[in-house]
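Number of protein chains: 2
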Amino acid sequence: MKNSELKKAGLKTTIPRIQILELLDSTDSPKHLSAEDVYKKLLSQDSDIGLATVYRVLTQFEQAGLVTRHHFDGVHSIYELNNGQHHDHMVCGDCGNVHEFYSEKIEQGQHDIAIENGFTLKHHSLYMYGTCSECNKKQL
Amino acid sequence: MKNSELKKAGLKTTIPRIQILELLDSTDSPKHLSAEDVYKKLLSQDSDIGLATVYRVLTQFEQAGLVTRHHFDGVHSIYELNNGQHHDHMVCGDCGNVHEFYSEKIEQGQHDIAIENGFTLKHHSLYMYGTCSECNKKQL
DNA sequence: TTGATTGCAAAGAATTTGCACTGGG
DNA sequence: CCCAGTGCAAATTCTTTGCAATCAA
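Right, dumping it as structure tokens:
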């Protein structure tokens, strides 16, 4: 399981790595977490892991392709377990909820624009900010 | 000119503000600058403006809608004079060049997705990273 | 005049690094 | 056993703030 994912990435199997991987994978917790979020969550689960380690591990995971790093409007980085399928994000400014989506039309549009400009597209980041349906309802 | 733009924004006409506005507006310099870039550029033009002031002024400009702030993959914020017409960006990882583009198809796609999800879209950020045509040529 | 604005230095927030210690293979 | 991995504290980087001096209206 987690064990083999780490090995595949060339990383030794250690407590902090396992725990962070499990945390990111757990379905109950939000899937988009900052380093601080991960740190606090681990602390509240007994773990006496250091914040620096969280940063180091997340960075290694990112380099290994296990995790994707985002820069939502705010200041700090947000990490998300990489499930293999590309998607973009819709961030609700009211409740902070992050919704994932995929649009073939948008992907195509990007591809087209890149071609038009002789640009070799490696990756992209698209964030849509606004108010989610839940929050829209509440404000009635 | 600059003067009235500032007044319209409710900001007093001061040397730092004028200079920063002119810098951002000048066609010769890149249009996408970090606070540090602006600061260094001003220093090299005699000006003895403080870095803190650059940050303050850029933040005020952003709030006044005169300037748009971006968070390209890197760490620091990048500022750009707001010319009124929305556009997205293509960032070359090799030469650092930033190219602006606008795609009706992509904008439409975003609008569609938002509707589909009952999401009220306020704004978005789309950055495409890769290699620009110039750099592609050089690598032949 | 007078409150807005600035420069400087000091404070903050997020992230990284140095180093001695620990632990997985 | 041995080096990768870790915790802690100190260092960096980017940005914001406090405060006395300065300036535009």
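Chains A and B, in that order, give the protein sequences.
Residues 1 to 140 in my numbering are what the first sequence spells out, letter by letter.
Residues 1001 to 1140 in my numbering are what the second sequence spells out, letter by letter.
Backbone N, C-alpha and C define an ideal beta-carbon position, used for all residues, glycine too.
Q.
Threshold first: 4 residues or longer. Then list the alpha helix (DSSP H) segments lying entirely within the stretch 43-117 of chain A, N to C.
A. Whole alpha helix (DSSP H) segments, 4+ residues: 51-64 and 104-116.
Q.
Please confirm whether residue 78 of chain A has its beta-carbon closer than 7 Å to some beta-carbon of chain B.
A. Within the first sequence, the letter at position 78 stands for residue 78 of chain A. With 7 Å as the cut-off, residue 78 of chain A does not count as an interface residue toward chain B.
Q: Go ahead and label residue 1131 of chain B buried or exposed: buried means 16 or more other beta carbons lie within 10 angstroms of its beta carbon, across all protein chains shown.
A: Here residue 1131 of chain B is taken as the residue at index 131 of the second sequence, counted from 1. Answer is buried; the Cβ neighbour count reaches 16.
Q: Could you tell me which of A/113, A/91 and A/21 sits nearest to residue 101 of chain A, measuring between CA atoms?
A: On the first sequence, position 101 is the one that residue 101 of chain A refers to. The candidate whose alpha carbon is nearest that of residue 101 of chain A is A/91.
Q | Proximity test, Cβ basis, 7 Å: residue 1122 of chain B and chain A | A | Here residue 1122 of chain B refers to the residue found at position 122 when the second sequence is read from its first residue. Yes - at least one Cβ of chain A is within 7 Å of the one on residue 1122 of chain B.
Q: Give the DSSP bridge partners of residue 1121 of chain B, in chain order.
A: Position 121 of the second sequence, counted from the first residue, corresponds to residue 1121 of chain B. Per DSSP, A/130.
**Q.** Any C-beta of chain B under 7 Å from that of residue 58 of chain A
**A.** As a working note, residue 58 of chain A is residue 58 in the first sequence. Using beta-carbon distances, residue 58 of chain A does not count as an interface residue toward chain B, since no partner is under 7 Å.
(Q) Just to confirm, is the Cβ distance from residue 123 of chain A to residue 1129 of chain B under 7 Å? (A) Reading the first sequence from its first residue, position 123 is the one you call residue 123 of chain A. Reading the second sequence from its first residue, position 129 is the one you call residue 1129 of chain B. Yes, the pair counts as a contact, with Cβ atoms nearer than the cut-off.
Q.
Residues of chain B with CB closer than 8 Å to the CB of residue 82 of chain A, please, in chain order.
A. The count along the first sequence starts at 1 and reaches residue 82 of chain A at position 82. The contacting residues do not exist; residue 82 of chain A stays about 17 Å from chain B at best.
Q. Residue 1035 of chain B and residue 1057 of chain B: beta carbons closer than 7 Å?
A. Translated into the one-based positions of the second sequence, residue 1035 of chain B becomes position 35. Translated into the one-based positions of the second sequence, residue 1057 of chain B becomes position 57. Cβ distance not < 7 Å, so residue 1035 of chain B and residue 1057 of chain B don't count as in contact.
Q) Quick one, are the C-beta atoms of residue 136 of chain A and residue 1059 of chain B less than 7 Å apart? A) The count along the first sequence starts at 1 and reaches residue 136 of chain A at position 136. The count along the second sequence starts at 1 and reaches residue 1059 of chain B at position 59. It is not a contact, given that the beta carbons lie outside the stated cut-off.
Q: Just mark residue 1114 of chain B as buried or exposed, buried being the case when its beta carbon has 16 or more other beta carbons within 10 Å.
A: The count along the second sequence starts at 1 and reaches residue 1114 of chain B at position 114. Per the 10 Å Cβ criterion, buried.
Q: Under 9 Å between beta-carbons, which chain A residues line up against residue 1117 of chain B? List them in chain order, please.
A: Taking the second sequence and counting its residues from 1, one reaches residue 1117 of chain B at position 117. Ordered by position in chain A, the residues that pass the 9 Å Cβ test against residue 1117 of chain B are 90, 99, 101, 132 and 133.
Q: Could you pull out every residue in the same chain whose Cβ sits closer than 6 Å to the Cβ of residue 1031 of chain B, ignoring the five residues on either side in sequence?
A: Counting from one through the second sequence, the residue named residue 1031 of chain B turns up at place 31. 1080, listed in sequence order.
Q. Given that a residue counts as buried once 16 or more other Cβ atoms are within 10 Å of its Cβ, and exposed if not, what is residue 165 of chain A?
A. Residue 165 of chain A cannot be examined here, being either before or after the span of chain A that is shown, 1 to 140.
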